[in-house]
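In what follows, a structure is listed as structure tokens, so that the remarks can point back to it.
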Amino acid sequence: MFLGTHTPRLDEKGRLILPAKFRDELAGGVVITKGQDRCLYVFPTPEFQRIADQLRAQPMTNKAARAYSRVFFASAHDEVPDKQGRVTIPAHLRSYAALDRDLVVIGASTRVEVWDRAAWETYLAESEDDFADIEEGVLPGGL
Numbered sequence: 001m002f003l004g005t006h007t008p009r010l011d012e013k014g015r016l017i018l019p020a021k022f023r024d025e026l027a028g029g030v031v032i033t034k035g036q037d038r039c040l041y042v043f044p045t046p047e048f049q050r051i052a053d054q055l056r057a058q059p060m061t062n063k064a065a066r067a068y069s070r071v072f073f074a075s076a077h078d079e080v081p082d083k084q085g086r087v088t089i090p091a092h093l094r095s096y097a098a099l100d101r102d103l104v105v106i107g108a109s110t111r112v113e114v115w116d117r118a119a120w121e122t123y124l125a126e127s128e129d130d131f132a133d134i135e136e137g138v139l140p141g142g143l
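Each residue of the sequence shown is one higher than the last, beginning at 1 in full-length UniProt numbering.
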């Protein structure tokens, strides 16, 4: 399970040093793709495969599944982190998420999310007030 918030920097070659806490679970390979809210999702390869299997199980007549699959798979980039725990984020994904030098990398349970630092701070400022109200709908019965 991926947990926590980290603040690495993107190097001049578009590489991200994965947080040390995440490296063991991601060492076998990752898939980086577009996420919601203009962030990037980084999945361990087996988790990406599980999601791919779920999407493949949807009928081709399901318009929403087709549309989501197209974007999800077309933007995906697979890679094995190097010995320093670095992965290259392709230019099209850096552009999508408006990634500059300063990043925020968060653990989001089964995936890692990569955000531009300013975008993450804006997202938090806009969503923290709603956090308490959302709980009941997300966790029936509450904590």
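Backbone N, C-alpha and C define an ideal beta-carbon position, used for all residues, glycine too. This structure is a prediction, so every number in the text was calculated from the model and none was measured.
Using DSSP with H/G/I as helix, E/B as strand and the rest coil, what is residue i?
i           : result
residue 145 : This structure does not reach residue 145, given that the chain is present from 1 up to 143, and the question cannot be answered.
residue 51  : helix
residue 79  : strand
residue 26  : helix
residue 13  : coil
residue 7   : coil
residue 61  : coil
Do you know how far the Cα of residue j is from the Cα of residue i?
i           : j           : result
residue 120 : residue 111 : 16 Å
residue 71  : residue 83  : 30 Å
residue 115 : residue 36  : 11 Å
residue 103 : residue 89  : 12 Å
residue 77  : residue 131 : 32 Å
residue 25  : residue 4   : 15 Å
residue 122 : residue 74  : 28 Å
residue 14  : residue 41  : 16 Å
residue 8   : residue 100 : 11 Å
residue 59  : residue 30  : 27 Å
residue 22  : residue 97  : 21 Å
residue 79  : residue 16  : 12 Å
residue 118 : residue 6   : 14 Å
Give me the DSSP bridge partner(s) of residue i.
i           : result
residue 107 : 112
residue 45  : Paired residues: none, contrary to the question.
residue 2   : 109
residue 34  : 40
residue 87  : 16
Checklist entry - Should the segment 51-67 be regarded as contacting the segment 116-134, the criterion being three or more beta carbon pairs within less than 8 Å? => result no
Item to check | Any 3 or more C-beta pairs closer than 8 Å across the segment 92-107 and the segment 63-70 | outcome: no
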